[in-house]
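To keep things clear, I will list the structure first and then write my remarks on it.
Written out as structure tokens, the structure reads:
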């Protein structure tokens with residue numbers, strides 16, 4: 001459950017700027033299919049020495065200064081680097097989350113392991129919510145982007161590559177309706193065809 005990319009009302013989860021009266025309604029991560037490229041890269045990096053080392057040893061073209069210990073050392077560095085790459089990519093996926101709470105929308109991004117960007121807006125600041133799911137892969141695996149436009153100088157939010165973007169929009173509208181019934185119902189009435 002903790003590795004899921006769409007978690008409704010996660011239990012026991014808190015975030016840094018969460019207030020005491022704030023509950024997480026929805027936790028979102030990028031759809032797992034978007035992680036395939038680095039997973040395949042890590043697997044190929046792990047398999048490369050298994051193919052190359054036996055071939056080099058069989059051909060016997062190694063210079064005399066390359067000892068068995070040096071080969072072991074190089075392989076150790078190779079696999080530690082491969083593991084480090086895969087682990088870093090996993091952490092960036094795991095901690096890069098979008099949250100819908102009963103009061104706010106929060107986008108927590110980690111552009112790298114050493115930097116964090118958090119953007120939040122109150123539900124009452126919402127002006128428009130749309131989603132986009134285009135292309136064969138996104139349609140087949142049901143993921144896309146949710147765009148949240150806010151009032152005034154507040155930053156707009158983009159929830160990118162999230163699973164079931166239509167359900168995300170419905171959940172945001174549900175929370176919005178609890179906070180601002182008249183404004184949310186007016187939005188729902190205006191965009192009824194798009195939301196079905």
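Residue numbers (full-length UniProt numbering): 1 to 196. Cβ atoms here follow ideal geometry from the backbone N, Cα and C, with glycine treated the same way.
Item to check | residue 5 versus 163, 177, 167, 56, residue with shortest Cα-Cα distance | outcome: As a first step, residue 5 is located in the chain shown; it is residue number 5 there, counting from the start. For the residues 163, 177, 167, 56, the minimum Cα distance to residue 5 belongs to 163.
Checklist entry - For residue 28, which beta-bridge partners are listed by DSSP? => result What you label residue 28 is simply residue 28 of the chain shown in a count that begins at 1. Looking at the DSSP output, residue 28 bridges to 6, 98.
Next on the checklist: So the candidates are 107, 114, 150, 133; which of them puts its Cα closest to the Cα of residue 125?
Outcome noted: Along the chain shown, one-based indexing puts residue 125 at 125. Sorting 107, 114, 150, 133 by C-alpha distance to the C-alpha of residue 125 places 150 at the top.
Checklist entry - From this set, 120, 45, 12, which residue's C-alpha is nearest residue 83's C-alpha? => result To locate residue 83, count along the chain shown from 1; it is residue 83. Minimum Cα distance to residue 83 is reached at 45.
Next on the checklist: By the three-class DSSP mapping on this structure, what secondary structure does residue 63 have?
Outcome noted: As a first step, residue 63 is located in the chain shown; it is residue number 63 there, counting from the start. When DSSP states are grouped into helix, strand and coil, residue 63 belongs to the coil group.
Checklist entry - What are the boundary residues of the beta strand (DSSP E) that residue 160 is part of? => result Within the chain shown, residue 160 is the residue found at index 160, counting from 1. Per DSSP, residue 160 belongs to the beta strand (DSSP E) from 157 to 163.
Next on the checklist: Within 8 Å, do at least three Cβ pairs link the segment 53 to 71 to the segment 111 to 118?
Outcome noted: Judged by Cβ distances under 8 Å, the segment 111 to 118 makes no contact with the segment 53 to 71, as fewer than three pairs qualify.
Checklist entry - Does DSSP classify residue 178 as helix, strand or coil? => result The residue you call residue 178 lines up with position 178 of the chain shown. Collapsing the DSSP output to three states places residue 178 in a helix.
Item to check | Outcome for residue 31 when other beta-carbon atoms lying within 10 angstroms are tallied against a minimum of 16 | outcome: For this step, residue 31 is matched to residue 31 along the chain shown. A residue is called buried when at least 16 other Cβ atoms come within 10 angstroms of its Cβ; residue 31 meets this threshold and is buried.
Item to check | Beta-carbon proximity list for residue 22, same chain, < 8 Å, skipping 5 on both sides | outcome: Residue numbering aside, residue 22 sits at position 22 when the chain shown is read from its first letter. Sequence-distant Cβ neighbours of residue 22 in its own chain, meaning closer than 8 Å and more than five residues away, are 101, 102, 103, 104.
Checklist entry - In the structure shown, what three-state DSSP assignment does residue 149 receive? => result Here the question's residue 149 lines up with position 149 in the chain shown. Note: residue 149 maps to strand in three-state DSSP.
Item to check | Pairwise C-alpha distance: residue 92 and residue 34 | outcome: Walking along the chain shown from the start, residue 34 turns up at place 34. Walking along the chain shown from the start, residue 92 turns up at place 92. Near 13 Å, if we compare the C-alpha coordinates of residue 92 and residue 34.
Item to check | Bounding residues of the alpha helix (DSSP H) (the contiguous stretch that carries residue 110) | outcome: As a working note, residue 110 is residue 110 in the chain shown. Looking at the DSSP string, residue 110 is not in any alpha helix (DSSP H); the run it does join, the beta strand (DSSP E), is 104 to 112.
Item to check | Limits of the unbroken beta strand (DSSP E) element including residue 132 | outcome: Taking the first residue of the chain shown as 1, we reach residue 132 at position 132. Residue range 126 to 132 is occupied by the beta strand (DSSP E) that includes residue 132.
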